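**Q** First the structure, which I've put down as structure tokens, then a few questions once you've had a look.
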Amino acid sequence: MYNNPPHTEAELQQRVDKIANSSIAMVAQQCNLAVPENLQHNKGWIGQLLEKALYTSASNLSEPDFLELGIELKSIPVKSNGYPAETTYICQVPLINNLGQQWQQSCVARKLNKVLWIPIQSDSNISLAQRLVGQGIIWQPTESQLDLIKDDWEELMEYVAFGQIDQIDASYGEVLQIRPKAANSKARTVGVNEKGQYNNTMPRGFYLRTAFTAQIIRDNEK
DNA sequence: TGGTGATCATAC
DNA sequence: GTATGATCACCA
1234 MYNNPPHTEA ELQQRVDKIA NSSIAMVAQQ CNLAVPENLQ HNKGWIGQLL EKALYTSASN
1294 LSEPDFLELG IELKSIPVKS NGYPAETTYI CQVPLINNLG QQWQQSCVAR KLNKVLWIPI
1354 QSDSNISLAQ RLVGQGIIWQ PTESQLDLIK DDWEELMEYV AFGQIDQIDA SYGEVLQIRP
1414 KAANSKARTV GVNEKGQYNN TMPRGFYLRT AFTAQIIRDN EK
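Under my numbering, the first sequence has 1291 at position 58, and the numbering climbs by one with no breaks.
This is the structure in structure tokens:
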């Protein structure tokens, strides 16, 4: 295993290529990790396995996983038909002080600047240990992809900034959506109401829809 | 059955 | 509670 993060994108690509087509069990063995029976009580386990297998930089606050390379690592579960099984969490939705917030400065724009996607086979009839790691993809959004995300972000953030977050749900946004992101439905954090006053609301996150991430996976296979 | 809302683990 | 990593599970 590695004892330092990759210093160049080419080096990262080599590490990625090396685990492509390996089983989860094989990668876990190299990392000296035991594979859990399932992900029910270990939802972030694959992500943490990949962090270890590729050696991401030390866990920094709100920074890309590969700090020097400016690359964010995301595992993405993929069904047998090649379509993502789940949406992808991007970052928390800022709920206060949003008037005048610019897209360029947003957490969404920063997180998605450059992403290493690692597809993971996710059929429930295959045991976790035997699922295969796919070919990783170092991706940067195209101009049209960026436009889609930005348009959604601006529309969604307008609701948020004007204290109307409780009026929108996950059906809003073409490729980017807002959904709860919390320990449970009772969790509360500070938001603003329509009068601009602080109030309590559910913590929420930005997620990329599967239709969008499917395109990234597909484009890579061409 | 897939999309939305809810939830799980862990560190601090 | 926030932030990291995400998937579970219900019901239209």
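A virtual CB, placed ideally from N, CA and C, is assigned to each residue, including glycine. Quick caveat, the model's predicted, so the values are computed rather than measured.
What separation, rounded to the nearest whole angstrom, lies between the Cα atoms of I1398 and Q1410?
**A** 12 Å
**Q** At 3 residues or longer, what runs of the beta strand (DSSP E) sit wholly inside the segment 1274 to 1332?
**A** 1305 to 1311, 1321 to 1325, all fully within the segment 1274 to 1332.
**Q** Using a 10 Å radius around the Cβ and a threshold of 16 neighbouring Cβ atoms, would you call M1390 buried or exposed?
**A** buried
**Q** Mind reading off the beta-carbon distance from L1381 to E1407? Whole number of angstroms is fine, and I expect it under 8 Å.
**A** That pair is a contact at about 6 Å.
**Q** Using alpha carbons as the reference points, say which of M1435, T1289, P1269 lies closest to N1237.
**A** T1289
**Q** Quickly, what does DSSP pair V1366 with across the bridge? List them, please.
**A** The beta-bridge partner set that DSSP reports for V1366 consists of I1353.
**Q** Looking only at C-alpha atoms, which of V1311, D1298, I1359, K1383 sits nearest to Q1337?
**A** Nearest of V1311, D1298, I1359, K1383 to Q1337, Cα basis: K1383.
**Q** Judging by CA-CA distance, which residue of A1318, T1320, E1319, C1340 is the nearest neighbour of L1328?
**A** Out of A1318, T1320, E1319, C1340, C1340 has the C-alpha closest to the C-alpha of L1328.
**Q** What's the gap between the Cα of G1429 and the Cα of Q1325?
**A** Each residue's Cα considered, the two are about 20 Å apart.
**Q** Kindly list the residues whose CB is nearer than 6 Å to the CB of R1451, restricted to its own chain and excluding five residues on each side of it in sequence; keep chain order.
**A** Answer for R1451: no residue qualifies.
**Q** Which same chain residues end up closer than 7 Å to D1385 when comparing Cβ atoms and leaving out the 5 residues on each side of it in sequence?
**A** G1406, E1407, V1408, L1409
**Q** By the 10 Å Cβ neighbour count, where 16 or more other Cβ atoms means buried, how is E1296 classified, buried or exposed?
**A** exposed
**Q** Beta-carbon within less than 7 Å of A1420's beta-carbon, same chain only, minus the 5 sequence neighbours each way: which residues are those?
**A** M1435, P1436
**Q** What's the call for S1377, buried or exposed, on a 16-neighbour Cβ count within 10 Å?
**A** exposed
**Q** What distance in whole Å lies between the Cβ atoms of I1257 and V1268, which are believed to be in contact at a cut-off of 8 Å?
**A** 6 Å
**Q** Which residue comes first and which comes last in the beta strand (DSSP E) that contains T1434?
**A** 1431 to 1434
**Q** What does DSSP give as the partner residues of T1422 in its beta bridges?
**A** T1434
**Q** Between the C-alpha atoms of V1425 and N1432, what's the straight-line distance to the nearest angstrom?
**A** 5 Å
**Q** Is DSSP giving V1408 helix, strand or coil here?
**A** coil
**Q** Starting from the C-beta of D1304, find all residues in its chain whose C-beta is less than 6 Å away, skip the five residues before and the five after it, and write them out in chain order.
**A** The sequence given here has Ile at residue 1304, not Asp. Cβ within range, chain order: P1297, K1347, L1349.
**Q** Closest by CA to A1444, which one among A1291, V1423, V1311, Q1363?
**A** V1311
**Q** Might you give, ordered along the chain, the residues of its own chain that have their beta carbon closer than 7 Å to the beta carbon of N1271, omitting 5 neighbours on each side?
**A** Only L1361 meet the Cβ criterion.
**Q** Return the bridge partner residues of Y1392 from the DSSP annotation.
**A** BP columns for Y1392 are empty, so no partner.
**Q** Starting from R1343 and walking both ways along the alpha helix (DSSP H), at which residues does that stretch end?
**A** Here the alpha helix (DSSP H) through R1343 covers 1340 to 1344.
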